[in-house]
Amino acid sequence: MKQTVELTIKANSEMVFNAFRDLENYIQWLGFIDSISPVANENGDLSWIVVLQSQLGPFTRMKKLRMVKNSEVANSSINFSRVELDEKEHSSWNLEVMCQRVSDDSTRVKLTVSYSGKFWSRPLEVAFNSQVEDAKIRLKQYFE
């Protein structure tokens with residue numbers, strides 16, 4: 085699965101970028117995030133334990149991920165990915181955020197989410213897309 089969402093936010097690019105660079109902020113926008121907990125690693129880097137939850141009819145699906153920031157280019161791009169510490173093989177989860185200044189008070193944001201697992205389904209896609217539309221509204225309100 086690979087989904088790309090683009091939107092323009094009425095805020096300066098530095099403010100927008102700083103909000104997106106902290107994974108803890110995403111819980112304010114995305115309804116399918118149940119919790120996000122920062123964890124300091126032994127090497128001093130930060131990771132986050134992210135719990136995703138989706139309701140599909142009478143069924144609830146939950147997924148726990150350990151996410152790290154792979155790269156960051158100031159005021160331009162950020163990449164988060166799943167990196168688990170156990171020896172098991174896991175499906176990849178990636179989030180790429182691109183911010184582009186449109187004007188002094190307007191920023192174009194492009195978010196690309198990808199998942200390599202086999203459990204993606206049409207009902208999950210519908211739930212995901214619904215949450216994304218709600219997130220667009222929350223994001224715009226967040227920066228008002």
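So that you can map any letter, position 10 of the sequence shown is 94 in the numbering used here, and since no number is skipped, the others follow by simple counting.
Heads up, the beta-carbon is just placed ideally off N, CA and C, and yes, glycines get one too.
Expressed to the nearest angstrom, what Euclidean distance is found between the alpha-carbon atoms of residue i and residue j?
i	j	result
Ser176	Gln225	31 Å
Arg222	Gln112	8 Å
Val135	Ala95	29 Å
Ser205	Phe116	16 Å
Glu107	Ile120	Looking at the sequence provided, one finds Leu at residue 107 rather than Glu. One C-alpha to the other measures close to 8 Å.
Glu168	Leu149	7 Å
Ser97	Met146	33 Å
Gly201	Ser138	16 Å
Phe203	Asp218	23 Å
Glu228	Phe101	15 Å
Ile162	Ala211	25 Å
Gly128	Asp118	25 Å
Leu152	Arg185	For the record, residue 152 in the displayed sequence is Val; it is not Leu. Cα to Cα, Val152 sits roughly 25 Å from Arg185.
Met99	Leu208	32 Å
Val157	Lys220	23 Å
Exposed or buried, which one is residue i when buried takes at least 16 other CB atoms within 10 Å?
i	result
Leu140	exposed
Phe143	exposed
Ile133	exposed
Ala103	buried
Ser155	exposed
Val181	buried
Do the CB positions of residue i and residue j come within less than 8 Å of each other?
i	j	result
Met85	Ser165	no
Glu90	Val193	yes
Thr196	Thr88	yes
Pro122	Leu130	yes
Cys183	Ser160	yes
Note the first and the last residue of the continuous alpha helix (DSSP H) segment covering residue i.
i	result
Phe227	That residue, Phe227, is in no alpha helix (DSSP H); it is neither H nor E in DSSP.
Phe104	97-104
Which residues bound the beta strand (DSSP E) around residue i?
i	result
Ile111	Note, Ile111: premise wrong, no beta strand (DSSP E); not H, not E.
Lys148	143-157
Leu179	177-187
Leu195	190-199
Asp118	117-124
Lys86	86-93
Open item on the list: Tell me whether the region 184-192 and the region 162-174 touch, counting them as touching only if at least three CB pairs, one residue from each stretch, are closer than 8 Å.
Closed with: The region 184-192 vs the region 162-174: no contact.
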